[in-house]
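Start counting at 1 in the sequence shown, then tack on 85, and there's your number in our numbering. The next block holds one structure in the form of C-alpha cells; read it before the comments.
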Amino acid sequence: MSSTNFDFDQIIIGSGFGGSASALRLTEKGFRVLVLERGKRIETKEFSRTSWNLKRFMWLPQLGLTGPFTFTVTRKISLVHGSAVGGGSLVYGNTHLIPEANIFADPSWTGMHDDWHARLSPYYALAQRMIGVQKNRYFGPADLILKDVATDMGREDTFKTVYSGLLYPKGEDQVSQNIDVNRLGEDRGDPYFNGDGPQRNSCTYCGNCMSGCRHNAKNSLDKNYLYFAERNGAEIRPESNVTKIEPIADENGVKDGSAGYILHITEGLGLFNKKKYTLTTRGVVVSGGVFGTMPLLLRMRDVEKTLPNLSPNLGQNVLTNSETLLTVSHNRLTQQEQKEEVWNGTAITSIFSPDDETKVEIVRYAKGSDAAFTGGMSVPLTSKQSGIPRSVTMLANMAKQPIKTLKMLNPVGKAKDTIILLVMQTAQNNIHIESKRSWHSPFKPTWIPVQHKGDEKLRNYFPIAQKVAEHYVKHSGGDAGNLALEVIAGTPITAHMMGGARMGKDPETAVLDDSGQAYGYKNLRVLDGSIIAGNLGVNPSLTILALTEHAMAQIPVFDADKAAKIKPVNFSAPLDGNPSALQTAGVPEILAKAV
C-alpha cells in the first residue's frame, strides 16, 4: 500500500498523558494524526458540580453514565482512572513530581539505560512547562496537621508542598484563613504559551479537581498538548473503541507492520446501534493506560492472533506504585466555634516521607462530593494481627465501636471534614496481566490479573501508614480509617497502575525499545503508564510525559515540507513557582539539547 492510500499516517489509541504528548509531537514532524478516545469530549461547564451527579461523574456507559471517572475492580487490584478526551488528566490530583535519582538505578530501569535520570532531565523540564507546573500556593488546616505529623515522627525536613499543574491565583501564597477572594477565578488570558494557547482562569480553591474542573483553572491535557495537536491538524474522535489491530501484509506476505495496519473501530456509547468501520494507518501508538493497553494487546497476541510476535513479557510486572489509601477526619472547632472544614484548596497540596521508602500526600474532594467516599467507604483503623485475618479484626473493631463505625460508613457530608491520605512506596511488588480461561469465559481466553509462584503478595497494609493516620487524628480530633474494600478483599486500590510493557534491549527481557516501539513489529508503539519499569513512589504523570517526550524525540521528521509549516509551541515567561530549567526559548531548543 502506498503512503497516499493510508487514511492516516499515525493513529493514537487513547488521549491520556502518553497519547496527548505523542499527538502533538507527531503532528510537529509532519504526520497526519488521528486520536481515538473511548470516552466523551467534556467541555469545562459540563463537569459535575459534585460527585453525586453520577451521569456526569462516573464512567459506566452500559448504564448511561458517561463522566470521566472510572473505577475498575478485579480480584487482585482495584484501579481509579479516567475515560474522556484528556484521559486521567481530567480527574487526577494535578500533582507532578520527579522521582528521586536512586529510583532509576534499580535493575528494573537499568536494563535499558543506566543513566535514565540524566537522560530524562531535559524532558522533565519540557513537560513541566507544557503542563504549567507551579509550586502549590495554598496551605490549609490539613497541611498544617501533616506538617505536625512529620515533626512528631522526626521527619519534618521531608515535609513540603507539592508541584501542581493548575493556574494559581496571582499574589501571595494563600492560607485558608486569608484567601484573597478577588483573585479567585480571575481571567488570565493565556499565561503559558505566549498568546497562542487557550484563555484561562485562576483557581478558585473549590477542591473539585478530581471531579473535573468547572473553572478553567486545571491544566488538563486538552489545554496544552491536545490543544496544540488539534491546532496542527490532528483529528480527535471521541466515543471510539479499537477492537482489533491488524498488520497489513507487504509484497512478500509478511505482516510485521512495515506495510502499515488496519484498525477495527466501534463508535458509540450505547448498547445498540454502534457504528463499526476500519481505518488504515502507517503507524499505531497504543496509549490506553495499563487497563486499556494490556487487554487490547494481549487479545491481539493470544486470541485474535493478529500480533503473535509481541514479546512474551507483555503484561508482566504490572505495578501498583505500592499504594494504599486511608481516611482521617477533623473534629475540632475554629476560632469562630464552628466545626473545621478541609475541602478548600486543590486536590493534593502537601507531602512528606515518614520513612525512606514511603511518601504520604494530603488528598481532598470538594464539599458535596461525598459520593466519592461510597466506593471508598472507611472502617475504623484496622491493624494486622498475627494469625488472624484482617477482615476478622475489622469486624471485631466494628462490633466494639458501632457508633463510630456507622458514622464512618455514612458518606453524607464527608468531603467537608475528611482527608484521604495517599500512601506510596518504592517497594517493587507487582502483578501480571495474562490471557487466561476463567469461570466466566471457559471457551475463550480473557485477561485477568495474576501472581506467579514466588511473587511477593501484594501489600495493602503498611504499618507506617497506620502510624501516620494515628498521629494525624491526635491533632485533628477525628477518626482514622482504612478502606473497607482493601481490608475485606485484601487487595490494594491504586490510582497509579504502571508497567506491563517494559523498555529494554531485547524481546527476551522487554516488550519495547526506548522509543516505545514494540519488539517483533515496526511502526507499533506503546506510550503510556505501561512503559514505567519500576514503582516511582510518587505520582507518575510527569514521568509518563517525560518518557513520551524522550521517545518522540527519537522519531525522525516524516514530511519536512509539512513540518516546516507547523508553528512551534513557544512559552511565556515562567510563572512564579515553576521549577523548569526551560525558560522562554520554546520546544526546539530544549529538544536540541536533549538529543
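Don't be surprised by glycine CBs; every beta carbon is placed ideally from N, CA and C. Owing to the predicted nature of the structure, the values given are computational and were not obtained by experimental measurement.
As a beta-bridge residue in DSSP terms, G584 pairs with V403. Within the DSSP secondary-structure output, G566 pairs in a beta bridge with T412 and P465.
In the DSSP assignment, R322 falls within the unbroken beta strand (DSSP E) covering E320 to R322. Beyond the five residues adjoining it in sequence on each side, G103 comes within less than 7 Å, by CB distance, of S372, L612, D613, I629 and T633 in the same chain, given in chain order.
In this structure the stretch 424 to 442 touches the stretch 239 to 254; the number of beta carbon pairs closer than 8 Å is three or more.
Boundaries cannot be given for K538, as no alpha helix (DSSP H) includes it and DSSP labels it neither H nor E.
Excluding residues up to 5 positions away in sequence, L411, S463, V464, L466 and T467 lie with their Cβ nearer than 7 Å to the Cβ of N567 in the same chain. For D307, no alpha helix (DSSP H) encloses it, and the DSSP letter there is neither H nor E. Taking C-alpha positions only, I96 is separated from L543 by approximately 35 Å. Nearest to E324 by C-alpha distance, out of F93, K469, G377 and T151, is T151. Secondary structure of R268 (DSSP, three-state): helix. Counted as a single uninterrupted DSSP element, the alpha helix (DSSP H) harbouring S626 occupies residues S626 to A638.
Looking at the DSSP output, P332 sits in a beta bridge with Y346.
Taking a C-beta distance under 7 Å as the contact criterion, M588 and P625 do not qualify as a contact pair.
In this structure, I188 lies away from L597, with their beta-carbon atoms at least 7 Å apart.
Per DSSP, reduced to three states, the secondary structure at G614 is helical. Comparing C-alpha distances from S414 to each of M143, V572, G562 and T129 shows the shortest one belongs to G562. Residue burial is scored here from C-beta neighbours: F357 has fewer than 16 other C-beta atoms within 10 angstroms and is therefore classed as exposed. In this model, C291 and K255 are separated by some 16 Å (Cα to Cα). As DSSP reads the structure, D440 sits in a beta bridge with T443. Annotation for Q213: the continuous alpha helix (DSSP H) segment containing it runs W201 to M215. For a cut-off of 8 Å, the C-beta gap from N179 to K303 is around 6 Å, short enough to register as a contact. Ranked by how close their Cα comes to the Cα of I330, the residues E128, G345, E336 and H537 have G345 in first place. Approximately 4 Å separates the beta-carbon atoms of F458 and P496; this is inside 8 Å, confirming the contact. Residue D200 holds the alpha-carbon nearest to the alpha-carbon of A186 among G196, D228 and D200. Relative to Q551, the option among L148, K469 and I616 whose CA is nearest is K469. T236 sits in a helix when the DSSP states are folded into three classes. Inter-segment contact for the stretch 641 to 648 and the stretch 209 to 226 is absent: fewer than three beta-carbon pairs are separated by less than 8 Å.
Spanning the alpha carbons of F376 and N402 requires a straight line of approximately 13 Å.
Judged by beta-carbon spacing, K161 lies within the 7 Å limit of I516, meaning their Cβ atoms are closer than that value.
The residue from L111, T366, M509 and A484 with its alpha-carbon nearest to that of N90 is T366. Taking A190 as reference, the option from A618, I640, S600 and R117 with the minimal CA-CA separation is A618.
If you look at M509, you'll find it in the beta strand (DSSP E) that goes T503 to Q510.
The continuous alpha helix (DSSP H) containing L491 extends over residues P487 to L494.
DSSP places K652 in the coil class of the three-state scheme, outside both helix and strand.
Under the three-state reduction of DSSP, Q284 is assigned to coil, being neither helix nor strand.
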